[in-house]
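Q:
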Amino acid sequence: MHEEEILGKAYDASLMRRLLFYIRPYRWHVVLGIVLSVAVSGLEAVRPYFTKIAVDVNIAEKDGNGLLVTALAFLGVLLLRGVIQYFNAYLTQWIGQKTIFDLRMQVFEHLQSRSLRFYDKNPIGRLITRVTNDTEVLNEMFSSGIVMVFSDIFTIIGILSLMFTMNWQLALISLSVLPLLFYGTFLFRKKAREAYREVRIQIARINTFMQEHITGMMVDQVFNREKKSFEKFTEINAAHRNANIKSIFYYALFYPGVDLIGAIAVGLIIWYAGVDALEGTITVGTVIAFLQFNEMFWRPIRDLSEKYNIMQTAMASSERIFKLLDDKTAIVDPVHPVPFEQVKGAIEFKNVWFAYNVGLTDAETEWILRDVSFRINAGETAAFVGHTGAGKTTITNLLCRFYDVQKGEILIDGVNIKQIRQQELRKHIAVVLQDVFLFSGDISSNINLGDGTIPREAVEQAARTVGADEFIRQLPGGYDAEVKERGATLSVGQKQLISFARALAYNPQILILDEATSSIDTETEQLIQQAIEKLLRGRTSIVIAHRLSTIQNAGKIIVMHKGEIREIGTHQELLAHGGIYFKLYQLQYKDQEVRLTA
Amino acid sequence: MKPLLRLLPYLAKYKRTLFVGFLTVVGSNIFTVLPPLFIGEAIDLLKEGLEAKSIGGTDLVTYAVGIVVFFLIAGTFTFFTRQTLIVVSRHIEYDLRNDFLSHIQKLSLSFYQNTPTGDLMAHATNDISAVRNCLGPGIMYPTDTILAFTMVIAMMLRIDWELTLLAMIPLPFVSFAVYRLGKVVHKKFEERQKQYGEMTTRAQENLSGIRVVKAYVREEYETGLFRTMSFEYLKKNLVLARVQSIMWPLMFLLVGLSLVITIYFGGLKVIANELSVGGLTKFLIYLTMLIWPMIAFGWVINILQQGAASMDRLAKIFDTKPEVQDAEQTDHTITEIKGAIEFRNVSFTHKGAVRASLSDINLMVPKGATLAVIGYTGAGKSTFVNLIPRLYDATSGDVLIDGRNVKEIPLEVLRRNIGYVPQETFLFSDSLAENISYGTDNGTEEHVRDAAEISQIARDISDFPLGYATMLGERGITLSGGQKQRTSIARAVMRKPKILILDDALSAVDTYTEEEILKRLRRIMKDRTSIIISHRISTVKNADMIVVMDDGKIVERGTHDELVERGGVYAELHQKQLLEQELENL
Ligand SMILES: Nc1ncnc2c1ncn2[C@@H]1O[C@H](COP(=O)(O)OP(=O)(O)OP(=O)(O)O)[C@@H](O)[C@H]1O
Ligand SMILES: Nc1ncnc2c1ncn2[C@@H]1O[C@H](COP(=O)(O)OP(=O)(O)OP(=O)(O)O)[C@@H](O)[C@H]1O
Ligand SMILES: [Mg+2]
Ligand SMILES: [Mg+2]
Chain A
1 MHEEEILGKA YDASLMRRLL FYIRPYRWHV VLGIVLSVAV SGLEAVRPYF TKIAVDVNIA
61 EKDGNGLLVT ALAFLGVLLL RGVIQYFNAY LTQWIGQKTI FDLRMQVFEH LQSRSLRFYD
121 KNPIGRLITR VTNDTEVLNE MFSSGIVMVF SDIFTIIGIL SLMFTMNWQL ALISLSVLPL
181 LFYGTFLFRK KAREAYREVR IQIARINTFM QEHITGMMVD QVFNREKKSF EKFTEINAAH
241 RNANIKSIFY YALFYPGVDL IGAIAVGLII WYAGVDALEG TITVGTVIAF LQFNEMFWRP
301 IRDLSEKYNI MQTAMASSER IFKLLDDKTA IVDPVHPVPF EQVKGAIEFK NVWFAYNVGL
361 TDAETEWILR DVSFRINAGE TAAFVGHTGA GKTTITNLLC RFYDVQKGEI LIDGVNIKQI
421 RQQELRKHIA VVLQDVFLFS GDISSNINLG DGTIPREAVE QAARTVGADE FIRQLPGGYD
481 AEVKERGATL SVGQKQLISF ARALAYNPQI LILDEATSSI DTETEQLIQQ AIEKLLRGRT
541 SIVIAHRLST IQNAGKIIVM HKGEIREIGT HQELLAHGGI YFKLYQLQYK DQEVRLTA
Chain B
599 MKPLLRLLPY LAKYKRTLFV GFLTVVGSNI FTVLPPLFIG EAIDLLKEGL EAKSIGGTDL
659 VTYAVGIVVF FLIAGTFTFF TRQTLIVVSR HIEYDLRNDF LSHIQKLSLS FYQNTPTGDL
719 MAHATNDISA VRNCLGPGIM YPTDTILAFT MVIAMMLRID WELTLLAMIP LPFVSFAVYR
779 LGKVVHKKFE ERQKQYGEMT TRAQENLSGI RVVKAYVREE YETGLFRTMS FEYLKKNLVL
839 ARVQSIMWPL MFLLVGLSLV ITIYFGGLKV IANELSVGGL TKFLIYLTML IWPMIAFGWV
899 INILQQGAAS MDRLAKIFDT KPEVQDAEQT DHTITEIKGA IEFRNVSFTH KGAVRASLSD
959 INLMVPKGAT LAVIGYTGAG KSTFVNLIPR LYDATSGDVL IDGRNVKEIP LEVLRRNIGY
1019 VPQETFLFSD SLAENISYGT DNGTEEHVRD AAEISQIARD ISDFPLGYAT MLGERGITLS
1079 GGQKQRTSIA RAVMRKPKIL ILDDALSAVD TYTEEEILKR LRRIMKDRTS IIISHRISTV
1139 KNADMIVVMD DGKIVERGTH DELVERGGVY AELHQKQLLE QELENL
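Sequence order for the protein chains is A and B. The letter at position 459 of the first sequence is residue 459 when you use this note's numbering, and the numbering goes up by one with no holes. The letter at position 30 of the second sequence is residue 628 when you use this note's numbering, and the numbering goes up by one with no holes.
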């Protein structure tokens, strides 16, 4: 939320410099755009000139033919202006779109390289806003904004110079209201800015609320929270409305105000024309032209205050985007990575300490893993057991280097994983995550994740191995059946099977199964175990499970408790040891034992 | 534009303010049209004065002051126009958004399973904005345009009717161009919006699944995919720009044509002494006064079209009938339930599915009993329990509670008495305490602690530096799998429900903790009904009745002992878990 409160100035030099960097590839287009805009303004500014000539020269001299020539010339100018305006409008849009595209891709790629620590902290809704909405706002600035500001300024300059060459006294008179205008605008900006900030905050609140309550609607309904949620929403919604109404007030005051100041200028011109008439320096044509200049002068000024909004929103958005781009929570690859091609899969944790939330001192740090050391030989199957929250998932997170350890080191085949490129490392590891995630799309693309090197046969083979083939074939469309958002129309176990198949399809040297079969019935689970037994030969696997039958084949069982390793050994050894594992084992089987002995 | 008619009830609510607003529009128009009259008179006076060399500044002061005063009055009116019409549009936006939420709150689970979140978000934000956007200007500018038009033209006719007609020639073309272009723009705009939606959805999918993306090194692929979508969006934008860019130049050109005509023919008339220079000036000023309404007209048509398209999309949601809701058969005298559950010949097929997920289920669970459900993946266990809080309604057959059809029990009463732990945990990004007391109105801190103790999350929470005030990430991201599940159990237990449903809710919990939880649940659920789905024999073995499901049917039922005796599916499952132990015993 706090980020939505950022409310830059309408112009911030350092932000602007950074933004201009994105325009650089298109700088010549921008120059062309400005030239065209100036041309348009120039042609716009000479319009009253034609009126003046028509009235003061042609009509005064009763020259009908001259009038026709003037009219035709005017028409020609209008045509030319129209054509240039068209090209310019398209050109500016083109510049804007190109720039935005580059920026948007940069933001997206930047997000792809953030570490999970970043995603722990940043709500996804907010990140999506950065990628789509905030860049979109910049588009307006890049396209109409920059070029139009220049063109408005040039228009104003053009009109001013024409006014001064035509009659400097009248020019000064009509400009005498400017201080009033500047002061008014200054007041307006201050108020409008506050109102805008408030609106922004409320919009962000509405979005967050909506997003969360739409995804969690089922919970809301089952827990009879509809009314309460609705009340909460009404509150936010009302705050949003009120903020907007406040800002309407300022605009309602500002625009008529500007018009009024313009009218004062008109009054002054007419008054002065009368005063000056006797000296005879003023012609009727001049007055008419000035009245038109006045109109034309006021439009860009009005525009500029509108542009002010665009610039302000753009600055705020760009500040948020740059803040994101400046984020450093990434895990960087080593400069001289160790090649990691032929992997055997021996894993070693050496005195690893890890915390998700690091405090300033050692004591303040919430250690999740404390001095964890273990070894898993290449080709071995190791199981992790322990109470919930003991740190099992954390170990797998560290092995994939989703997070970096604070102390100690993790070695694969004797190489510290910090010396390997992350992509290289992860290519050899496939992990079935505890929290299953399916993408919307189809079944087969959820198994191969769009990887063209994994053909359909491999996808089906993987599905067969985990026993998912049967239910997939029964879906309308089979492997091409649609998968809804997060796999909403599949049973939880089915989703887990697909996520399992995904890991197998990638054919890894190291396989991590984090509660991969927790929602799957024992029969299917055992079938899977038999099926992957052959597949796993020669590969290292890590199995995390609470159902002890899942890990019966593990060569090594590692028992964790509150972030520490308490017991390591085979099933037999651990039972004999009579520790935590023995207790867990007894709990799961004691009734059966009783039954057997009875 | 027809969809916009649905807004009438909303407008009716503010008809007074709208009427006042309408009057101010009329007022501001009258006072904007008059000043050029003064200007024209002033010019004439100036011209005469110049020719006669007998004019003093004071003669023109009246005019000058008149102009300013009129603008002041017009401006005051405009101020009130904005304060009424635009403010009303914000009120309507507020009403509309509230109604939207309250409507989608009634829609059922199957709707949410089949509608992407991104779409609903777009409705709640973009579409409602577009509708609002067309309201203020949609009322203000047409009124403005029509009034300004008639008045200006009346004025122009008074000056010179011939010249007026001549100057009007290009105007029909303006409207026609606006209409035609508007249509194309609208179509291209919709295409662009659709692409924007798809691009947003892609970003959402990618970021929600970032853990998978990273684990499988799919960053480059995802970036490529996003680049394609983003580039497509760029192209759609440029197509739109190409059409939109024609709009303004064409407009100016056509209006400019009017000016040219006026200058030439008006000039000839002045030369022929049929018109004064002042008259011509006034005429020119009036003509420029038409530029804005003309442009506004085209613009208004566009935003009205966009508003109509958005309203149409909203209407589709508003017209979606909730599948599950109170109806005539609801008996509002029911305010309590006891908890006896019965399924009678219940079958169920999911929307869009070809196969039935439940077929012909018959089952009775007496009040206070514990039912355990075990069965294969995809057998229909979740579907089965989802019928009890009416997340779905049975396709055929009846679900009864205390002998009454669930459809007769007010939905509110039914759900208030059920504690439901869904198979997939959903937590809100709020504090732990808020999450646990989510389903209760008057939960004290003590209640929260009790619930946390029963679900065995209390000890974990006491380890967190902030305890119950710990803020969770989206969907509870910063908790471990088992911690999430236990928080979800605490939330259900906190309601002291008559019926407790645990849908595989202990799958991420170790056996020790599980046993502790079950022990406590047995105590508090003594007189209440519980339904527990699990894959672990150790979880189900103590239930009063166990049913085994396969392919949407109940294939076995009985107590643990009975089922083991029978030697069917259950016994086999049991055997498989024993197998290991026997091996150990060897
Ligand atoms: N992203 C995170 N940010 C902060 N704390 C976290 C994060 N993920 C996990 N934790 C905390 O770290 C501890 C260990 O979590 P972990 O997920 O490793 O447990 P686990 O052994 O896998 O448990 P379970 O069996 O319940 O899945 C827990 O107390 C949890 O709250
Ligand atoms: N919303 C839906 N639309 C279409 N089909 C569905 C939907 N939800 C579930 N199904 C299908 O209905 C069947 C039963 O699903 P259900 O979720 O009830 O299974 P389950 O027994 O709970 O399985 P699990 O043990 O995996 O949780 C499955 O084949 C599933 O694919
Ligand atoms: Mg875990
Ligand atoms: Mg289920």
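Every residue gets a Cβ at the ideal spot worked out from N, C-alpha and C, and that includes glycine.
Looking at chain B, is there any beta carbon in it that lies within less than 8 Å of the beta carbon of A/L535?
A: As a working note, residue 535 of chain A is residue 535 in the first sequence. Output row for A/L535: interface = no.
Q: State yes or no: is the beta carbon of A/S444 nearer than 8 Å to at least one beta carbon in chain B?
A: Here the question's residue 444 of chain A lines up with position 444 in the first sequence. False, the Cβ-Cβ gap to chain B never drops below 8 Å.
Q: So A/V266 contacts chain B; which residues on that side make the cut at Cβ distance below 9 Å?
A: The sequence position of residue 266 of chain A within the first sequence is 266, counting from 1. Within 9 Å Cβ-Cβ: P633, I637, A662, I665, V666, F669.
Q: If you follow the alpha helix (DSSP H) that B/E1022 is part of, which residue opens it and which one closes it?
A: The residue you call residue 1022 of chain B lines up with position 424 of the second sequence. Unbroken run through B/E1022: none, as it is neither H nor E.
Q: Give the straight-line distance between the Cα atoms of B/K1151 and B/S957, rounded to the nearest whole angstrom.
A: Indexing the second sequence from 1 puts residue 1151 of chain B at position 553. Indexing the second sequence from 1 puts residue 957 of chain B at position 359. Taking the straight line joining both Cα atoms gives about 6 Å.
Q: Identify, in the order they occur along the chain, each residue of the same chain with its Cβ nearer than 8 Å to the Cβ of B/D1125, setting aside the five sequence neighbours on each side.
A: For this step, residue 1125 of chain B is matched to residue 527 along the second sequence. Correct list, in chain order: K965, G966.
Q: What would DSSP say about A/E366, mapped onto helix, strand or coil?
A: Within the first sequence, the letter at position 366 stands for residue 366 of chain A. In the structure shown, A/E366 sits in coil (DSSP, three-state: anything other than H, G, I, E or B).
Q: Which same chain residues end up closer than 7 Å to B/G1071 when comparing Cβ atoms and leaving out the 5 residues on each side of it in sequence?
A: Position 473 of the second sequence, counting from 1, holds the residue named residue 1071 of chain B. Counting only Cβ-Cβ distances below 7 Å, and skipping sequence neighbours, we find S1027.
Q: Which residues have a Cβ closer than 7 Å to any heavy atom of ligand 3, listed in chain order?
A: Cβ-based neighbours of ligand 3 within the cut-off: A/K392, A/T393, A/Q434, A/D514, A/E515, A/I544, B/S1078, B/G1079, B/G1080, B/A1106.
Q: List, in chain order, every chain B residue whose beta-carbon is nearer than 8 Å to that of A/W94.
A: Taking the first residue of the first sequence as position 1, residue 94 of chain A is located at position 94. Ordered by position in chain B, the residues that pass the 8 Å Cβ test against A/W94 are L836, A839.
Q: Does A/W367 pass the burial test, meaning 16 or more other C-beta atoms within 10 Å, or should it be called exposed?
A: Here residue 367 of chain A refers to the residue found at position 367 of the first sequence. It is buried - the Cβ of A/W367 has at least 16 other Cβ atoms within 10 Å.
Q: Distance cutoff 8 Å, beta carbons only. Does B/R1120 sit that close to anything in chain A?
A: Position 522 of the second sequence, counting from 1, holds the residue named residue 1120 of chain B. With 8 Å as the cut-off, B/R1120 does not count as an interface residue toward chain A.
Q: Among B/T723, B/T622, B/G822, B/D657, which has the Cα closest to the Cα of B/I737?
A: Within the second sequence, numbered from 1, the residue matching residue 737 of chain B stands at position 139. Residue B/T622 is the option with its Cα nearest to B/I737.
Q: Which chain A residues sit within Cβ distance under 8 Å of B/T1157?
A: Reading the second sequence from its first residue, position 559 is the one you call residue 1157 of chain B. Residues of chain A passing the Cβ test: none, with the nearest at roughly 13 Å.
Q: Any heavy atom of ligand 1 closer than 7 Å to the beta-carbon of A/D404?
A: Taking the first residue of the first sequence as 1, we reach residue 404 of chain A at position 404. A/D404 Cβ: outside cutoff for every heavy atom of ligand 1.
Q: Of the residues that make up the segment 876-887 of chain B, which ones have a beta carbon closer than 9 Å to any beta carbon in chain A?
A: Taking 9 Å as the Cβ-Cβ cut-off against chain A, the residues of the segment 876-887 of chain B that qualify are G876, L878, T879, L882, I883, T886.
Q: For B/G673, tell me which candidate among A/Y255, A/D413, A/F290 has the shortest Cα-Cα distance.
A: For the purposes of this step, residue 673 of chain B is taken as the residue at position 75 of the second sequence. Per the Cα distances, A/Y255.
Q: So that I know if they touch, is there some Cβ in chain A lying closer than 8 Å to that of B/Q681?
A: By 1-based counting over the second sequence, the position of residue 681 of chain B is 83. Yes, because at least one Cβ of chain A sits closer than 8 Å to the Cβ of B/Q681.
Q: Taking Cβ to Cβ, would you say A/P337 is nearer than 8 Å to A/E424?
A: Position 337 of the first sequence, counted from the start, is the residue given in the question as residue 337 of chain A. Position 424 of the first sequence, counted from the start, is the residue given in the question as residue 424 of chain A. Yes, they are a contact pair.
Q: Does the segment 707-720 of chain B come close enough to the segment 658-676 of chain B that 3 or more CB-CB pairs lie under 8 Å?
A: At 8 Å Cβ cutoff, the stretches do not touch.
Q: By a C-beta neighbour count over all protein chains shown, 10 Å radius and 16 as the cutoff for buried, is B/D1039 buried or exposed?
A: Position 441 of the second sequence, counted from the start, is the residue given in the question as residue 1039 of chain B. Result: exposed.
Q: Is A/S247 near A/A192, with beta carbons less than 8 Å apart?
A: The residue given as residue 247 of chain A occupies position 247 in the first sequence. The residue given as residue 192 of chain A occupies position 192 in the first sequence. Cβ distance < 8 Å, so A/S247 and A/A192 count as in contact.
Q: Run through chain A and tell me which residues come within less than 9 Å of B/M719, C-beta to C-beta.
A: Translated into positions along the second sequence, residue 719 of chain B becomes position 121. The contacting residues are G125, N207, M210, Q211, I214.
Q: Quick one: is A/F439 near chain B, going by C-beta distance under 8 Å?
A: If you number the first sequence from 1, residue 439 of chain A lands on position 439. With 8 Å as the cut-off, A/F439 counts as an interface residue toward chain B.
Q: Go ahead and label A/Y183 buried or exposed: buried means 16 or more other beta carbons lie within 10 angstroms of its beta carbon, across all protein chains shown.
A: If you number the first sequence from 1, residue 183 of chain A lands on position 183. When all chains shown are included, A/Y183 counts as exposed.
Q: Looking at the C-beta of A/F297, does it have a partner C-beta in chain B at a distance below 8 Å?
A: What you label residue 297 of chain A is simply residue 297 of the first sequence in a count that begins at 1. Closer than 8 Å: no.
Q: Could you give the residue range of the alpha helix (DSSP H) that holds B/M738?
A: Position 140 of the second sequence, counting from 1, holds the residue named residue 738 of chain B. Segment 726-757, the alpha helix (DSSP H) holding B/M738.
Q: 8 Å is my cut-off, CB to CB: does A/Y251 come that close to chain B?
A: Here residue 251 of chain A is taken as the residue at index 251 of the first sequence, counted from 1. Chain B contact via Cβ: present.
Q: DSSP on A/M315, reduced to helix/strand/coil?
A: Walking along the first sequence from the start, residue 315 of chain A turns up at place 315. In this structure, A/M315 counts as helix in the three-state DSSP scheme.
Q: Kindly indicate if chain A contains any beta-carbon less than 8 Å away from that of B/Q569.
A: Because chain B is modelled from 599 through 1184, residue 569 of chain B falls outside the range shown and cannot be assessed.
Q: With a Cβ-Cβ cutoff of 8 Å, do B/Q703 and A/E226 count as a contact?
A: Walking along the second sequence from the start, residue 703 of chain B turns up at place 105. Walking along the first sequence from the start, residue 226 of chain A turns up at place 226. Yes, Cβ-Cβ distance for B/Q703 and A/E226 is below 8 Å.
Q: Give me the DSSP bridge partner(s) of B/E940.
A: In the second sequence, residue 940 of chain B corresponds to position 342, counting from 1. Bridge partners of B/E940: B/M962, B/L998.
Q: Do the segment 1002-1018 of chain B and the segment 199-210 of chain A make contact, defined as three or more Cβ pairs closer than 8 Å?
A: Judged by Cβ distances under 8 Å, the segment 1002-1018 of chain B makes no contact with the segment 199-210 of chain A, as fewer than three pairs qualify.
Q: Nearest by alpha-carbon distance to A/S317: which of A/V219, A/G391, A/V107, A/D413 is it?
A: As a first step, residue 317 of chain A must be located in the first sequence, where it is residue number 317. Selected option, being the one with the closest Cα: A/V107.
Q: Could you work out which residue in B/I1034, B/G1041, B/I1135, B/D1061 is closest to B/A1050 when comparing CA atoms only?
A: For the purposes of this step, residue 1050 of chain B is taken as the residue at position 452 of the second sequence. It is B/I1034 whose Cα lies nearest to the Cα of B/A1050.
Q: Tell whether a beta-carbon distance below 8 Å holds between B/P1020 and B/D1149.
A: Here residue 1020 of chain B refers to the residue found at position 422 when the second sequence is read from its first residue. Here residue 1149 of chain B refers to the residue found at position 551 when the second sequence is read from its first residue. Taking 8 Å as the Cβ cut-off, B/P1020 and B/D1149 do not qualify as a contacting pair.
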